[in-house]
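J.:
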Amino acid sequence: MTTQNYDFIGQTKKAFAPLGEFGELGAETFEKAVELQVELLSDLMDLTADQFKAAGEAEDVNGYIQEQTRLAKEYTGRAQKRVQAMIETATQIQGAYSDWARGGFEQARNGFEQAIAQAQPAKPATKKKAA
13 MTTQNYDFIG QTKKAFAPLG EFGELGAETF EKAVELQVEL LSDLMDLTAD QFKAAGEAED
73 VNGYIQEQTR LAKEYTGRAQ KRVQAMIETA TQIQGAYSDW ARGGFEQARN GFEQAIAQAQ
133 PAKPATKKKA A
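In the numbering used here, the protein residues as written are 13 to 143.
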């Protein structure tokens with residue numbers, strides 16, 4: 013009976029393995045999203061600092077407008093790169109979830125079926141009546 017219990021525990025772990033993978037995938041997704049947001053926030057902070065610097069160093073209105081135009085072009089380029097990175101990351105994440113869904117559900121279902129089958133008590137042998 014101990015061996016049967018051990019096998020049941022092993023099968024249960026095997027059945028829950030895809031759920032663990034799903035949790036890891038979720039954590040990776042969260043980590044990537046936070047990383048992209050931190051990069052974007054860093055750009056916004058740099059832009060703000062550069063705008064204050066431009067305002068403080070401007071000698072006239074034209075100089076200020078030229079510097080603001082330069083900053084707008086520079087940070088628009090950065091923002092476009094960030095958006096492209098976000099799109100690429102979203103596409104990768106979508107693919108990873110799709111791959112998990114294809115295999116994970118089937119693996120979990122098979123694992124649970126095997127665990128349940130092992131947990132079923134053995135059927136007693138039937139005795140044949142002598143003729």
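The C-beta atom is built at its ideal place from N, Cα and C for all residues, glycine as well.
Does residue 61 pass the burial test, meaning 16 or more other C-beta atoms within 10 Å, or should it be called exposed?
T.: Counting from 1 along the sequence shown, the entry for residue 61 is found at position 49. It is exposed - the Cβ of residue 61 has fewer than 16 other Cβ atoms within 10 Å.
J.: Using only the alpha-carbon positions, how far apart do residue 127 and residue 120 sit?
T.: Here the question's residue 127 lines up with position 115 in the sequence shown. Here the question's residue 120 lines up with position 108 in the sequence shown. Between residue 127 and residue 120, the C-alpha separation is close to 10 Å.
J.: May I ask you to report which of helix, strand or coil DSSP gives residue 78?
T.: In the sequence shown, counting from the first residue as 1, residue 78 sits at position 66. Here residue 78 sits in helix by DSSP.
J.: Can you check which of these residues, 103, 28 and 57, is closest to residue 115 by C-alpha distance?
T.: Here residue 115 refers to the residue found at position 103 of the sequence shown. Closest option to residue 115, Cα to Cα, is 28.
J.: I need the straight-line Cα distance from residue 34 to residue 69, nearest angstrom please.
T.: For the purposes of this step, residue 34 is taken as the residue at position 22 of the sequence shown. For the purposes of this step, residue 69 is taken as the residue at position 57 of the sequence shown. Spanning the two alpha carbons is a distance of roughly 52 Å.
J.: Write down the C-beta distance between residue 55 and residue 94 rounded to the nearest angstrom, noting that I regard them as a contact closer than 8 Å.
T.: Within the sequence shown, numbered from 1, the residue matching residue 55 stands at position 43. Within the sequence shown, numbered from 1, the residue matching residue 94 stands at position 82. Rounded, the Cβ-Cβ distance is 7 Å, consistent with contact.
J.: In chain order, which beta strand (DSSP E) runs of at least 3 residues are fully inside the segment 18-73?
T.: none
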